[in-house]
Amino acid sequence: MDALYHVLISPFVDMATQPVFFAEVVIGGLMAGVMYALVALGFAVIFKASGVVNFAQGAMVLFAALTLVGFMEHGLPSWAAIPMTIVVMIALAYAIERVILRHLVNQPHIVLFMTTIGLAFVFEGLGELIWGSNVKALDIGIPDQPFFVGGMLLNQFEIFAAVTAAILVTLLVIFLQKTAIGRALRAVADDHQAAQSVGIPLQTIWVVVWSVAGFIALVAGVMWGAQSGVQFSLSLIAFKALPVLILGGFNSIPGAIVGGLIIGVGEKVAEIYWGPIIGGAIENWFAYVLAMVFLMFRPQGLFGEKIIERV
Amino acid sequence: MLYREAGQFKTTYGADQAIFPIPQDRWVVYAVIALAFVAVPSVANEYWLQAILIPALVFTLAAIGLNLLTGYCGQLSLGTGGFMACGAYATYKLSTAFPEMNILIVFLLSGIPAAAVGCLFGIPSLRIKGFYLAVATLAAQFFLVWLFNRVEWFYNYNPSGTITAPPRTMGGFMVTGPEATAEARYLVALGFVALFALLAKNLMRGRVGRAWMAIRDMDIAAEIIGIRPLTTKLAAFAVSSYVCGVAGALYFAIYLGSVETAAFDISVSFLVLFMVIIGGLGSILGSILGAFFITVVPILLTNVPEALGLPIGVALAKQLENIVFGAMIVFFLIVEPHGLARLWQIAKEKLRRWPFPY
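Chain order of the listed sequences is X and C.
Residue numbering for the first sequence follows this note's numbering, starting at 1 and increasing by one per position.
Residue numbering for the second sequence follows this note's numbering, starting at 312 and increasing by one per position.
1. Alpha carbon to alpha carbon, how far is residue 587 of chain C from residue 422 of chain C? Give it in angstroms, no decimals.
2. What span of residues does the alpha helix (DSSP H) with residue 667 of chain C cover, start to end?
3. Measure the Cβ-Cβ separation of residue 138 of chain X and residue 61 of chain X and say whether it is below 7 Å.
4. May I have a chain-ordered list of the alpha helix (DSSP H) segments no shorter than 4 residues that lie completely inside the stretch 597-660 of chain C?
5. Can you give me the Cβ contacts of residue 7 of chain X inside the same chain, cut-off strictly under 8 Å, excluding the 5 residues immediately before and after it?
6. Going residue by residue through the stretch 512-567 of chain C, where are the continuous alpha helix (DSSP H) segments of at least 4 residues, counting only ones entirely within it?
7. Among the candidates X:104, X:102, X:96 and X:136, whose CA atom is the shortest distance from the CA of residue 120 of chain X?
8. Taking only runs of the alpha helix (DSSP H) that begin and end inside the stretch 390-439 of chain C, which ones reach a length of at least 4 residues, in chain order?
9. Using a Cβ cut-off of 9 Å, which residues of the stretch 612-629 of chain C contact any Cβ in chain X, in chain order?
10. Can residue 256 of chain X and residue 57 of chain X be called in contact, C-beta distance under 7 Å?
11. For the stretch 159-190 of chain X, which segments carrying the alpha helix (DSSP H) assignment without a break, of at least 4 residues, lie completely within its bounds, in sequence order?
12. Do we get a CB-CB distance below 7 Å when we pair residue 637 of chain C with the residues of chain A?
13. From the beta carbon of residue 435 of chain C, is the nearest beta carbon of chain X less than 7 Å away?
14. Mind listing the chain X neighbours of residue 539 of chain C? Cutoff is C-beta to C-beta under 8 Å, in chain order.
15. Below 8 Å on the Cβ atoms is my guess for residue 557 of chain C versus residue 418 of chain C; work out the distance and round it to an integer in Å.
16. Report the three-state DSSP secondary structure of residue 268 of chain X (helix, strand or coil).
17. Of all Cβ atoms in chain X, is any one closer than 7 Å to the Cβ of residue 374 of chain C?
18. Alpha helix (DSSP H) containing residue 297 of chain X: first to last residue?
19. Would residue 417 of chain C pass as an interface residue toward chain X - the criterion being a Cβ-Cβ separation below 7 Å?
20. So residue 378 of chain C and residue 644 of chain C are supposed to be a Cβ contact under 8 Å. How far apart are they, rounded?
21. Using alpha carbons as the reference points, say which of X:200, X:38 and X:100 lies closest to residue 638 of chain C.
22. For residue 653 of chain C, which residues of its own chain have a beta-carbon under 7 Å away from its beta-carbon, when the five flanking residues on both sides are left out?
23. The stretch 277-306 of chain X: which residues have C-beta closer than 8 Å to a C-beta of chain C, in chain order?
24. Could you tell me whether the Cβ of residue 565 of chain C comes closer than 7 Å to any Cβ of chain X?
25. Could you check what DSSP says for residue 230 of chain X in three-state terms: helix, strand or coil?
26. If you follow the alpha helix (DSSP H) that residue 454 of chain C is in, where does it begin and where does it stop?
27. Within 8 Å, do at least three Cβ pairs link the stretch 396-404 of chain C to the stretch 498-516 of chain C?
28. Which partner residues does residue 480 of chain C have in the DSSP bridge list?
29. May I have the straight-line CA-CA distance separating residue 316 of chain C from residue 477 of chain C, to the nearest angstrom?
30. Using only the alpha-carbon positions, how far apart do residue 316 of chain X and residue 416 of chain C sit?
31. Quick one: residues in its chain with C-beta nearer than 7 Å to the C-beta of residue 570 of chain C, no 5 flanking neighbours on either side, listed in chain order?
32. Would you say the stretch 66-80 of chain X touches the stretch 201-215 of chain X, given that touching needs at least three Cβ pairs under 8 Å?
33. Along the stretch 521-532 of chain C, where does the CB come closer than 8 Å to a CB of chain X? Name the residues.
34. Since residue 104 of chain X meets chain C, which of its residues come closer than 8 Å, beta carbon to beta carbon?
35. Which residue's Cα is closest to the Cα of residue 368 of chain C: C:611, C:537, C:625 and C:494?
36. Residues bridged to residue 475 of chain C by DSSP?
As C-alpha cells, then:
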C-alpha cells in the first residue's frame, strides 16, 4: 500500500502543492524538448524526402559543431565561420550522394539505415581526427542570463533556442510547401519513378536534402554546443532523437516538434517526481520505454501517415 | 580443380541433406575443429588467447545469437548488449547462490532469464518492424543496463557495483576466476561456440528456420501460408536472446572476469551488429568470420603502423579505427551486402575450375 501511495498519489500531491515548481519543471522539460526536436528535424527532413532513416544525423551535429569551433579557433569571426561551415556541410552532402547513395538506389530501407550507421562512425572519427577530441567551448554571443517571470526562473538562452526552433520550422515548412524544389522533394518522397519520369533530377534532390539536413545539424550543433560544450557526447543525442521521431511520426515536421516537447516534458517530470522512488537516473531509458509503449497502440506515430502494406 | 565435386555421387537422402554435402568441405571443417581444439591451445601464447581468440569466440557466440534474429528472422535489434548483460548477471547470481553447481550448467541456465526478457521486449515486433523495432529494442538496451546498475540485489549489495566471476572448477581444471589458465578458458569458449554453431545451423535447416526466413522475406505472405507471426517472432527473440545471454555469461566469466554494467553499453550492441553485417546476414559461417574480423582489425590498426615504424597515438588509433570501421560497413553494404560469407562462396566457385578457364 505504502509503495502504491508513493507511486500513484504522492507525486501528484507534490505537483498540486507546489505549482510554481511544477511549472518550472514543465518549462525546463519543454526547453529540453526543443533541443531534442532540433536534432529530430534533421531526421524527419531526410526521411520525408528519401525514406532513409539517417542514423548519422547525431554525428553530423557533432561534425558541424566541431567544424564551426575549429574555424573560430583559427581566428575566423563567427559571421565568416558559419557560412564556411555551411559550405563544408554542402560539400559533404554532395560527397555522400556521389560516393554512397548513388550506389544504393533501390536497396531495401534497412540496408540504407545500416549504411548511415557506418557513416556515423566515419563522421565521428573524421571530426575528431581533423579538429581534435577535447571538449571545446562554443561562444557566438547567444544571451545567457536568468530572469524571473511570475516567480519562475527562466533563462534567456532557452527562449533563444525556442525562437530559433520556431524560425527553423517556419522556414522548412515554407521551403517544402511553397518552393519548386520543395515540391519536387515531396514528389520524390512519394514515388521515385514517377518523379523521375516528370523530369525531376533525383540526384540533385538528394544533395539538396542532405544539405538541408546538414544545415539543421549545424543549427542543432550551435545550440547544443553553446549549452554544454562541443564534445563527443553530442553524437549520442541522436539516440534521444529516435524516440522523439517515433512518437511524432517519422515523416512529419510538426511531429518532430510535438514529439520532442512530449519527450522533454515527460522525461523531466518523470525524473523529478517518480525518479527518486525507483532509484533515479531514469532519464536514460524513459523516452525509449514511452516510445515503445506508444508504438504498440499507434505504430505510425502521432502525425505519421498510416502504414499500408501490400503483398 | 582443387574443389571439383565431379564424380561424387550421393546414394541416400541423408548424404544429400548433410550440412557439408561435399567431402572437401567436410574435411576442411574437421581439420579446423581439430586444429582449434588441439593445436591452438598448445601453440598459442597467453597474449594471443586472451587478447584475440577468447574475445573473438565470445563475440562469435553473440553474433550467432543476433544473426538468428536479424539475419534469419529479419528483426533488427540493437538490444544485444542488454541481453548479454542479462546472461552475465544471471551467471553471477546463480554461481554465488549455488556454489556447488557445475559452472557449465550455470552458463546454460543463465541464458533462460535472457530469453524471457528477450521475449518481453520482442512483443513490439508484432506491430512494428524495421528501424521502428530497432528503436524499441534500444529501450531494452538502456533499461536493462540501468536496472543492473541500480538494483543492488543483482550485484549482491557489493559497494563497488562490479561483479566478479567466482573461481569454479570443471573436471579438476579451474575454468573461471583469476586462477584459471587462458587455455582452459579458451577451450570452454570454443566448446560453447562449436555446440551453438551446430545447434543453430541445424535449427535453421529445419521447419523453424524456414518459418523465420519466410517471416523475414515477407511477413504478410508468410502469415497467409500459415505461419503464425506471434509464435514465430517471439520464438526468434527467445532463441536469439538465449544465445546472446550465454555469450554474455562467457563475456563476463570467461573473458573479462569482472565487469560493471558499462561493459554492456550500446557500443557492444553496435559491435555485434557490425560483426553480423560484415560477416554476412543469415549465415553461421558469416557470424564466425565477422566476429574474428572485427576483433582483429583494431589490433591490426594499432600494431601495423608501429611495425612499419610509424608510431601513432592512442587517440589517433581510436579515430582511425572509427573511420575504417565506418567505411568498411558502408563499403560492404555497397559492394557485397551478403558479407564475408558470400565472398567465401564466390571463392569456392572460382576454385572449382581453377586453373582451367572453364
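Virtual Cβ for every residue (Gly too), placed ideally from N, Cα, C.
Taking the definition as stated:
1. Straight-line Cα distance between these residues: approximately 20 Å.
2. It is not in any alpha helix (DSSP H) - residue 667 of chain C carries neither H nor E in the DSSP assignment.
3. no
4. The alpha helix (DSSP H) runs of length 4 or more contained entirely in the stretch 597-660 of chain C are, from start to end of the chain, 625-646.
5. 274 and 277
6. Complete alpha helix (DSSP H) runs here, min 4: 518-528, 530-535 and 540-561.
7. For residue 120 of chain X, the nearest C-alpha among the options comes from X:96.
8. 391-408 and 414-433
9. 626, 627 and 629
10. no
11. 180-190
12. Structure shown: chain A not included; protein chains present are X and C.
13. yes
14. Neighbours of residue 539 of chain C on chain X: none; closest Cβ ~17 Å, over 8 Å.
15. About 6 Å; that satisfies the 8 Å criterion.
16. helix
17. No, residue 374 of chain C lies away from the interface with chain X (no Cβ there is under 7 Å from its Cβ).
18. 283-297
19. no
20. The Cβ separation is near 16 Å, so there is no contact.
21. X:100
22. Closer than 7 Å at the Cβ level, and outside the excluded window around residue 653 of chain C, lie 591 and 647.
23. 278, 279, 280, 281, 282, 284, 285, 288, 289, 291, 292, 295, 296 and 299
24. no
25. strand
26. For residue 454 of chain C, the enclosing alpha helix (DSSP H) starts and ends at 442-461.
27. As far as the Cβ criterion goes, the stretch 498-516 of chain C does not touch the stretch 396-404 of chain C, which means the pair count is below three.
28. C:485
29. Rounded to the nearest angstrom, the two C-alpha atoms are 51 Å apart.
30. This structure leaves residue 316 of chain X out entirely; chain X is present only between 1 and 311.
31. 399, 473, 474 and 563
32. no
33. The residues in question are 529, 531 and 532.
34. Residues of chain C passing the Cβ test: 644 and 645.
35. C:494
36. C:569
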